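In the working numbering, the protein residues as written are 1 to 152.
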Amino acid sequence: MITEKQLTGLIEEHLQGSDKFLTDLTIKPSNRIMVFIDGDHGVSIEDCRKLSRHIEQNLDRDTEDFELMVSSAGADRPLRLPRQYQKHLGKVIEVATVDGRHLEGTLMQADDKGIKIEQEIKKSKKEIEKKEVVINYNEIKSAKVIISFKKP
């Protein structure tokens with residue numbers, strides 16, 4: 001049986017010394033393996049291809065068959081690690097908390113404990129109040145970067 005520990009070791013071995021890092025790993029019962037990576041300066045198709053080849057060369061299909069997908073942690077994937085939050089400083093994010101709150105604001109700070117977002121609250125048509133909200137990582141259920149095509 002292919003284990004998460006085995007795969008994590010292979011992935012970390014390959015990514016060591018680079019700006020790339022593992023964000024998510026899923027192994028379905030039918031040995032369908034899904035690996036998501038991110039990087040401080042993005043992830044290319046070539047990065048995914050090299051990691052996929054590294055994993056395939058170190059697993060034996062004759063012993064156990066598997067399906068492998070390696071992908072970047074794209075815009076539709078939730079933020080999971082402090083390193084990902086740091087990469088997106090200055091961008092607008094949407095956060096769902098474990099207590100049911102939904103917050104949207106500009107990501108101002110991210111450290112090892114949590115994040116700080118700046119929300120814009122409309123008081124009237126012309127008056128906008130800015131409010132900073134600090135959220136610990138253990139309070140975050142999910143967080144995603146909001147994609148906007150508006151010109152600043």
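Every residue, glycine too, gets a C-beta built ideally from N, C-alpha and C. Because the structure is a prediction, the values reported are computed rather than measured.
Does the Cβ of residue i have 16 or more other Cβ atoms within 10 Å, making it buried, or fewer, making it exposed?
i: residue 95; result: buried
i: residue 89; result: exposed
i: residue 5; result: exposed
i: residue 87; result: buried
i: residue 91; result: exposed
i: residue 115; result: buried
Taking Cβ to Cβ, would you say residue i is nearer than 8 Å to residue j?
i: residue 84; j: residue 105; result: no
i: residue 15; j: residue 37; result: yes
i: residue 107; j: residue 93; result: yes
i: residue 131; j: residue 121; result: yes
Over what stretch of residues does the beta strand (DSSP E) that includes residue i continue unbroken?
i: residue 122; result: 114 to 122
i: residue 144; result: 140 to 145
Using CA atoms only, rank isn't needed, just tell me which of the options is closest to residue i.
i: residue 65; options: 55, 73, 71; result: 55
i: residue 77; options: 3, 150, 145, 2; result: 145
i: residue 98; options: 111, 143, 81, 68; result: 143
i: residue 35; options: 134, 10, 101; result: 10
Let's see if you can read the secondary structure: which residues bound the alpha helix (DSSP H) around residue i?
i: residue 91; result: Counting along the chain, residue 91 falls outside any alpha helix (DSSP H), and DSSP gives it neither H nor E.
At which residue ranges does the region 11 to 66 contain complete beta strand (DSSP E) runs of 3 or more residues, listed in the order of the chain? Entirely contained in the region 11 to 66, the beta strand (DSSP E) runs reaching 3 residues are, in chain order, 20 to 27, 32 to 39.
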